[in-house]
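One structure below.
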Amino acid sequence: MRYFLVCGCAMALVGCAAGGTPTTPRDAGQDASSADVGAADAPLLEDAPEQDDAPSGEDAPVLDDASVPEDAAPDEDAGPDDDAGSDVDAGGVDSGPMPTDAGTDAPSDAGCVGPADCDDGNDCNGIETCVSGGCRAGTPVVCSDGVSCTVDECVDGVCVFTAEDSMCVAPLTCDPTVGCRDATCSESPCRTVSPQCGCPSMQGCYLDGTGARTCFPAGTSAEGDRCDSDICSPGNLCVNVHATAGMNLPMCKHFCDGHGDCSGAGSRCLVNITGSTDTVCTRHCDPSTNAGCPAGTYCGFFTEMSGRVLTDCQGPPGATGQGGTCTDDGDCQVGFGCIGSPTSQCLRWCLTPGTVGGICGAGSACYGFMTPLVFDGREYGVCDTL
């Protein structure tokens, strides 16, 4: 039997980020020293000399609107600005082009002939180039290896990733390739079979959608439970036991390395997980009562090549009842098996062959098999008419 891993939840890795103390930005439109410039209560200027003394024939410089005080008369010389904190350029003369912000694509005003004229000596902020006689900033180097416990930095234009154990939860240490792991664990990155190891506290070792092992917050569903809305507890895996391809019927099965890891007479370490080397146990259950299997599944008998009888849960059960034709157990209702050859029919499982009535009903008896079917210390038979 081969089951498929049920991918019902997304696994996220927790990264670490450095934090800092937040600061409150100033109003982008002013600085502290010029906050009151232009206010209604600004001191009035003393009487200024008339401009009759200005040389004839010369035009007075024209000021930008922002540099003309509101209270100044249009024919008066406002004189130099006495406010030491003002950002207004005396005379309103443009002081020249502002330097280009680093990192933009627009060429700066620094003149250049070739790239060497623009090189700032820092390869980590990008390689500067000379475009149309102006220096242009390069693209900064971005360093990220995707490993949550490494310090990612650029040194001389080269990315360096340094493992940092303090970014892991003890007793885990940082593996620069796989992240935080338990160096004392015999399996990498973690052990699936109980007792598990390699994952932080409150997490379990599971399989992702590709069959690879990964640590993930521990679930609570036990072996044999449905896992539609919750992942399984550590040591168990949510797998699809639906007999039809493309349909989903999730159930928790127990990880195992050998039969000794499985519990119950019908539980054997035989189920391979697609895309993985991990295996899980078949489920110990009772075909006559369906005990041990979750809702939507049925318990059936199987036989190893050695002849050993085992059980497992599959689904969904069929709708055919006593005496109806069938091709396998999946055609029959819960508590029935598909019995007979070459023509098979759904017959109810029963215990203690030779018993008349009981679970089989009036006019029927529990019949045993030519080779007695003994499981978990009890002999099973099927109901049929007398």
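The numbering of the sequence shown is this note's numbering, which starts it at 1018 and goes up by one. Beta carbons: idealized from backbone N, C-alpha and C, even for Gly. For clarity, every value in this text was computed on a predicted model and none was experimentally measured.
- For T1190, the uninterrupted beta strand (DSSP E) run begins and ends at 1190-1192, by DSSP.
- By the C-beta density criterion, D1295 is buried, having at least 16 other C-beta atoms within 10 angstroms.
- S1238 carries a strand assignment under DSSP once its states are collapsed to helix, strand and coil.
- In this structure C1160 touches D1169 by the C-beta definition: roughly 4 Å separates them, less than 8 Å.
- Bridge pairing for R1243: M1268 [DSSP].
- Selection P1132, L1287, G1332, L1364 evaluated against T1342 yields L1364 as nearest (Cα-Cα).
- Your pair C1166 and M1184 checks out as a contact, with CB atoms roughly 4 Å apart and the cut at 8 Å.
- Taking 7 Å as the cut-off, the Cβ atoms of D1346 and G1313 do not count as close.
- Around the beta-carbon of D1192, 16 or more other beta-carbon atoms lie within 10 Å, marking it buried.
- For H1276, same chain residues with a beta-carbon under 7 Å away, outside a window of 5 residues either side, are R1285, C1286 in chain order.
- Residue state for S1183 is assigned as helix, using DSSP reduced to three classes.
- Under the three-state reduction of DSSP, N1142 is assigned to helix.
- DSSP, reduced to helix, strand and coil, places D1393 outside both helices and strands of the structure shown, so it counts as coil.
- Under the DSSP assignment, N1289 falls in the beta strand (DSSP E) whose first and last residues are 1286-1290.
- Just measuring C-alpha positions, the residue of S1358, G1357, Q1362 sitting nearest D1348 is Q1362.
- T1328 is classed as buried because its beta carbon has at least 16 other beta carbons within 10 Å across all chains shown.
- Here G1340 has Q1362 as same chain residues with Cβ atoms under 6 Å from its own Cβ, once five neighbours each way along the sequence are excluded.
- Three or more Cβ pairs drawn from the stretch 1215-1223 and the stretch 1231-1238 lie within less than 8 Å of each other, which places the two stretches in contact.
- Straight through space, the alpha carbons of V1164 and T1194 are spaced by roughly 7 Å.
- F1319 and T1369 have their C-alpha atoms some 20 Å from each other.
- For a cut-off of 8 Å, the C-beta gap from A1239 to N1253 is around 7 Å, short enough to register as a contact.
- Cβ-Cβ separation between C1302 and G1283: approximately 6 Å, consistent with a contact (criterion under 8 Å).
- Taking C1152 as reference, the option from D1137, L1390, V1158, C1141 with the minimal CA-CA separation is D1137.
- Contact check for R1300 against G1241 passes: the beta carbons are separated by less than 7 Å.
- Each residue's CA atom was taken as its position, placing L1266 and I1248 some 13 Å apart.
- In its chain, beyond the 5 residues on either side, T1337, G1338, Q1339, D1346, C1363, L1364, R1365, W1366 have a beta carbon closer than 8 Å to the beta carbon of F1353.
- For H1301, DSSP records no beta bridge to any residue.
- The beta carbon of D1162 sits closer than 7 Å to the beta carbons of D1169, F1178 from its chain, once the five residues preceding and following it are set aside; these are given in chain order.
- One thing to note: T1360 has its Cβ no nearer than 7 Å to the Cβ of S1381.
- Shown here, C1377 sits in a helix according to DSSP, grouped into three states.
- Taking all protein chains in view, the Cβ of D1393 is surrounded by fewer than 16 other Cβ atoms within 10 Å, so the residue is classified as exposed.
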